[in-house]
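K.L.:
Each protein sequence line maps, in turn, to chains A, B and C.
Read in order, the letters of the first sequence are residues 770 to 1443 in our numbering.
Read in order, the letters of the second sequence are residues 160 to 476 in our numbering.
Read in order, the letters of the third sequence are residues 7 to 195 in our numbering.
All residues carry an ideal CB built from backbone N, CA and C; glycine is no exception.
Everything numeric in this text was worked out from a predicted model, so none of it was measured.
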Amino acid sequence: MSRIGVFICHCGENIARTVDCGAVAEALREHPGVVVAEDYKYMCSDPGQQLIKKAIADNDLTGVVVCACSPHMHEKTFRRAAAQAGLNPFVVEMANIREHCSWIHDDRGEATAKAIDTARTIVEKVKHNKPLQTIRIPVTKRALVIGGGIAGIQAALDIADGGHEVVLVEKEASIGGHMSQLSETFPTLDCSQCILTPRMVEAYQHPRIKLYTWSEVEKVDGYIGNFSVTIRRKARSVDEDLCNGCGDCQAACPSRRIDSEFDAGLSRRPAIYTPFPQAVPNMPVLDREHCTLFKGRRKGLAKDACGKCKETCLKGAIDYDGQDTFVTEEIGAIVVATGFQLYDIGREQPAGLKGYGEYGYGEVPDVIDGLQFERLASASGPTGGEMLRPSDGAEPKTVVFVKCVGSRDPEKGMSYCSKICCMYTAKHTMLYKHKVHDGRAVVFYMDIRAAGKGYDEFSRRAIEEDGAEYIRGRVSRIFRDGDKVKVWGYDTLSHRQVVVDADMVVLATAVRPQPGIGELAQKLSVSYDQDGFLNEAHPKLRPVETNTAGVYLAGACQAPRDIPESVAMAGATAAKVLGLFSADELERDPSVALVDERTCIGCFNCEHVCPYGAIEHRDVCDMEGHVCGHVAYVNPGVCQGCGTCVAVCPSKSVELAGFTDDQVYAEINALAGW
Amino acid sequence: MTLAYYPGCSMHGTSREYEESLLAVAAALELGLTEIADWSCCGASSAHAADHLLGVALPARNLALAEAQGADEVLAPCAACYNRLSGAVHAVAEEPGMAAKVPEVLGRAFANSVRVLSIVELLQGLAPVIEERVAARLEPNPLEHLNIAAYWGCLLVRPAAITGFDDAERPTGMDDVISACSANPVSWNMAVECCGGAFSVSRTSSVLRLSRAIIEDARHCGADAILAACPLCHANLDFRQSAMSLRGEPPMPVLYITQLVGLALGLPMAALGFERHFVDTQPLFARLAREAEKAAAAAAERDAAKAARAAAKAGAS
Amino acid sequence: MARCYQCGKCSAGCPMGAEMALPPHDIMRLTIANDRERLFNDDSLWLCLTCETCSARCPNDVDPARVIDALRELAAGEGAEHAPRNIRAFHESFLEQIRSTGRLSEVGLIMQYKLRSGALLQDVAVAPAMLRRGKLPLRPQRIAGVGEVKALMAACERERGARAAPAAGGAAAPGAGATGGHHNGEDAR
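1) Since A:I978 sits in a beta bridge, which residues does DSSP pair it with?
2) Suppose you measure from the CA of A:A1220 to the CA of A:E1226; what does that come to, to the nearest Å?
3) Can you give, in chain order, each stretch of the beta strand (DSSP E) that sits fully within the segment 987-1060 of chain A and has at least 3 residues?
4) Going residue by residue through the segment 1244-1313 of chain A, where are the continuous beta strand (DSSP E) segments of at least 3 residues, counting only ones entirely within it?
5) In or out: A:I1240 buried (at least 16 other Cβ within 10 Å) or exposed?
6) Apart from the five residues on each side of it in sequence, which residues of its chain come closer than 7 Å, Cβ to Cβ, to A:S1036?
7) Taking the CB atoms as reference points, tell me whether B:A382 and B:A350 lie closer together than 8 Å.
8) So which residues of chain A does B:E375 contact, with C-beta pairs closer than 7 Å?
9) Count the other C-beta atoms from every protein chain shown that fall within 10 angstroms of the C-beta of A:M1392, then say buried if there are 16 or more, exposed otherwise.
10) Starting from A:T846, trace the alpha helix (DSSP H) in both directions and tell me its first and last residue.
11) Taking 8 Å as the cut-off, decide whether the C-beta atoms of A:M1052 and A:C1012 are in contact.
12) Within a Cβ cutoff of 7 Å, which residues of the same chain sit near A:D1113, ignoring the five residues on either side of it in sequence?
13) Considering only residues of the segment 851-906 of chain A, which uninterrupted alpha helix (DSSP H) runs meet the minimum length of 4 residues and lie entirely inside it, listed in chain order?
14) According to DSSP, is B:G284 helix, strand or coil?
15) Between which two residues does the beta strand (DSSP E) carrying B:A309 extend?
16) In the DSSP output, which residue or residues are listed as bridge partners for B:L162?
17) Which residues does DSSP pair with A:Y1128 in a beta bridge?
18) Tell me whether A:I773 sits in a helix, a strand or coil according to DSSP, three-state version.
19) Does the CB of B:N306 have a neighbour CB from chain A at under 8 Å?
20) How would you write the range of the alpha helix (DSSP H) that A:V1433 sits in, first residue to last?
21) So B:V420 and B:V248 are in contact, right, with Cβ under 8 Å, and what is the actual spacing, rounded?
22) B:D120 CB to nearest chain A CB: under 8 Å?
23) Hey, would you say A:A1048 sits closer than 8 Å to A:A1195, going by beta carbons?
24) Measure the C-alpha to C-alpha separation of A:M1273 and A:G1162 and round it to an integer number of angstroms.
25) Is A:Y1201 close to chain B, meaning its C-beta is less than 8 Å from at least one C-beta of that chain?
26) Are the segment 241-255 of chain B and the segment 187-198 of chain B touching, with three or more C-beta to C-beta distances below 8 Å?
27) Below 8 Å on C-beta distance, what does A:V1244 contact in chain C?
28) How many Å lie between B:A230 and B:L212 at the Cα?
29) Could you tell me whether any Cβ in chain A is nearer than 8 Å to the Cβ of C:C64?
30) Helix, strand or coil: how does DSSP classify A:H1197 here?
31) Take A:C1408 as the anchor and find which of A:S1360, A:K899 and A:D789 has the nearest alpha-carbon.
32) Considering Cα atoms alone, identify which of A:L1145, A:E1127 and A:V1212 is closest to A:T1167.
33) Can a CB atom of chain C be found closer than 8 Å to the CB of A:K822?
34) Using the three-state DSSP reduction, which class does B:S204 fall into: helix, strand or coil?
35) For A:Q1327, name the three-state secondary structure that DSSP assigns.
36) Closest to B:W347 by CA distance: which of B:L431, B:A258, B:E328 and B:L297 is it?
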């Protein structure tokens, strides 16, 4: 005979505003099998949990139903409380009367009636719940970090320093990411390279970090604690063991007119190149797309059109015939730190975006973006840190900075605020004024968003001490006018149209996730938002976790992030990973599928539909021990409890623990009033 | 496919040369335009400012007439008419209640089945034909020396939901037509900025300010002339030009797009209405003709020298 | 309207922005604030050319050009004489031309405009040059369906009256208000 307790939470006013919680308790007290029903303001709080624990002990309960929020939110909380009171946690269920009821209804009477129905339904289910035991699975204590920017480097170092091996995968030829391109960083103006390069070297030399540059994640199998990750090592055409980084090959390469990615297109590089002098590893890569030899091979030339780099290399490290190779790594946890790209104002745009025709579609040479300005201001940049504009190398005496280009612009770009632009534009005006003392720095802005430690002071300093002219209003047009760049803006504070004859214009273009993020997200079974940023499991309480257990997020792959935030997130993911690695085994929810071998007909429909590859074949033997057939077996470590196999089994031989037919029919019957 | 023709009021008045050149080009290209019988004014810039429904109903009457005539497409060469007609199609299709309200107000059936075509779309589609005809002409071609700035104004590109056949900020269709005519499109900045439009009469000072900026930028960017596809723009840039203080620069001729195509097709200037312009186009065309002759002479000289060298070589061997 | 975040991009690109006391973003703000007095006692609304640059470049899909059209309609519906005399005279003459012939005779428009605006001598010197170029046909073209056009315009005015009536508490402008005779309203110019 069931002895069930029902506990109704007010959730402050979230539920009680629309649902009469007292009435629900009263109604449930009358329900067969219910021995106690109570309501309370915050059931998840300590007094609320104590109330449940006491009721379990006092009434010798066999099941508990908590009428509150979604089980995603607090099922774990209440199951833990019940377990502390000596009850098997899997006889505790939640009836969702918040998301499914109070939040979506207005009529108090009807909402209360629905809450009562919902509670009764779950009570009927719980009558059929059986005690289950958590599954324990082994954990591979090695982490994969995807992306070698500041977030990825930090996460890798923190995990490795915590004593575990890390595989760091970077798709470019060097780690360092966007931070390596920056000149100085806000709000302290310390040199980006000076604080970053030691970390890059540390990551490279760390005995527990295995670095794969010029590599990408190809395939991810498995589950938390037991991932199997295939990594594509793109053909570098340079033998990493032989190369000593002397740079002779780069000097010998005759194709020297290729836009440098590192200098954001402001300088040229050869086809075989090290992205920048401080690259880690300090080893070139051959850009096969632009290489004369490979162009010739693609055209089908009988003889190679070039071979200068190979001729020059004393180490014999150049390999024109190498192909992409694949390595598989066994991994327990994954940190995604793929970072960002900048919105491009050009005419060609991905679906849903438009370029900025009114700003010349990026065709005016002295209209550049924020990263290009960083390169111009950087001592390692194409001008050696001298402030010279791209078109004619002249020193710009008037520079206009335009904020929110592509950001907060649902029509042409993204609706969100890119967050970092207010700060880096303030920094740009300072860097500019420090280099060109008699220059004008004019900023067109909508708002100055400078929330952060020392941030507002920093942006005020740009105005008050360095003399940046801030004009509140968006810019309508930018066009080339002789050797000037005309900027048509408006000052909404002084109510006048403002036309600036600029020498250079810097557009603070929006922060977007990296191209290819969608494919990576699918490989990892991680969801992403409409803009392509990866979704965290909970915006407040689980900000670096994803809905896929064992996959964590650091830096700008999740939303626009500045350096301090990226580093903080990286540390947080490391804490999560180290926590996971702190035990040899991992507890798993026992809601997995189970095959009845006596009735299984061995059709393996389940195997075809299982998204996790959890179905295995088991031999069936006759009396003499000869194999006479096969049946399906569900690997409980792999099964995620989705129930797809249950739906397709023609002989009804699979059941999902916690969601058996008995339980589901009991719910339906309760709801239908049968 | 039947192409109806909606001239609009200006074509019978201040922009007569636009219609003359359009009809001459249409005849030369065998377009078969059928004028909408008993068409009425589209309401232009005044109706929509007074009453939204009137701004839809006035152009819709003409679309209904075109439908009744069995047309699938209506050519509206005047940019203002094009915008109003196209806007009516859009409003009736998109705005709730309009599809029922408009026939009621018109007192006639209206299925909103006609597509409105701008002159640029029409000529852009014919660019290969024009190019072919230009290539077939033998005499020295003065247009090859013409640098011309395509002026779109507002009504052919905005609002994009109504126009939408080209990029609203950096459209290219008129440049295609210029290239097909063997002339050189100029890259400039004022292609889609407003000339002052309908304020020509009621607030001339604003028109002078705005149109002057357009002419100055065209000159600054190396244009010999401006190409227009709108009677209103043409009036502001051509008729009002003498009132602009243009700092002693020579006047800037303003051509209709159909006049340029007519010239490219070899039609006589008299048939294209150039004499109706306020800014005299003769000095420009005289200069272009001289340049063409000079270039032809230079080419002939080069050919002769080449032939002589070839002959000498043949003789030597 | 709620989408307008006052970025000023409309006013930055407005060809008439320099001449307007209330450029587009101010018009949007005052419309949200429902400040009819300031909107209607200023000629900015009437200085709009409907070039649509504001709407085309608006980052948040607000349509200032349509809002300004609607405000002008509203202003006229209230019977107040807010528009500058010249611009009002132009629009009124324009519609009157359509009403009487079905098409616009530019000569007729100019004559009417001169009478309404009082700018009798404006552009008089250029008339002979226009005539010489055959650009001013003196005889208006009167279409066969002029009655139909007149009926259409009357129907639209009835519709507008019906729309305005509840809002204006029954004191809607009479149907003929928009085109009636000379106005002695204040001229802001």
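P.N.:
For this structure:
1) BP columns for A:I978 point to A:V935.
2) Straight-line Cα distance between these residues: approximately 10 Å.
3) Segments of the beta strand (DSSP E) lying fully in the segment 987-1060 of chain A: 995-1002.
4) Fully enclosed beta strand (DSSP E) runs of 3 or longer: 1244-1250, 1253-1260, 1265-1271, 1273-1278 and 1280-1282.
5) Around the CB of A:I1240, 16 or more other CB atoms lie within 10 Å, so the residue is classed as buried.
6) Excluding residues within five positions, the ones whose Cβ falls inside 7 Å are S1029 and P1151.
7) Contact flag unset, no.
8) Simply none; closest approach about 11 Å.
9) Its Cβ having fewer than 16 others within 10 Å, A:M1392 is exposed.
10) Its alpha helix (DSSP H) spans residues P840 to Q853.
11) With respect to the 8 Å criterion, A:M1052 and A:C1012 are classified as neighbours on the basis of their beta carbons.
12) Taking A:D1113 as the centre and dropping the five residues before and after it, the same chain places the C-beta of G1131 closer than 7 Å to its C-beta, in chain order.
13) Complete alpha helix (DSSP H) runs here, min 4: 877-896.
14) In the three-state reduction of the DSSP assignment, B:G284 falls in the helix class, which pools H, G and I.
15) Following the DSSP letters along the chain, one finds B:A309 inside the beta strand (DSSP E) bounded by residues N306 to A309.
16) Per DSSP, the beta bridge partners of B:L162 are B:E232.
17) Paired residue(s): none; A:Y1128 is not in a bridge.
18) Shown here, A:I773 sits in a strand according to DSSP, grouped into three states.
19) Answer no: the Cβ-Cβ gap between B:N306 and chain A never drops below 8 Å.
20) Its alpha helix (DSSP H) spans residues D1430 to A1441.
21) In fact, because the Cβ distance is near 26 Å, the residues do not count as touching under 8 Å.
22) Any answer about residue 120 of chain B is impossible in this case: the structure gives chain B only from 160 up to 476.
23) Using a Cβ distance threshold of 8 Å, A:A1048 and A:A1195 do not count as a contacting pair.
24) In a straight line, the C-alpha of A:M1273 is about 11 Å away from that of A:G1162.
25) Taking Cβ atoms only, chain B never reaches closer than 8 Å to A:Y1201, which makes this a no.
26) The segment 241-255 of chain B, when compared against the segment 187-198 of chain B, does not touch it at the 8 Å Cβ threshold.
27) Simply K15 and A18.
28) Just so you know, the alpha carbons of B:A230 and B:L212 end up roughly 24 Å apart.
29) So, interface residue.
30) Helix.
31) The option with the nearest alpha carbon to A:C1408 is A:S1360.
32) The shortest C-alpha separation from A:T1167 is found at A:V1212.
33) Taking Cβ atoms only, chain C never reaches closer than 8 Å to A:K822, which makes this a no.
34) Here B:S204 sits in helix by DSSP.
35) Here A:Q1327 sits in coil by DSSP.
36) Closest option to B:W347, Cα to Cα, is B:E328.
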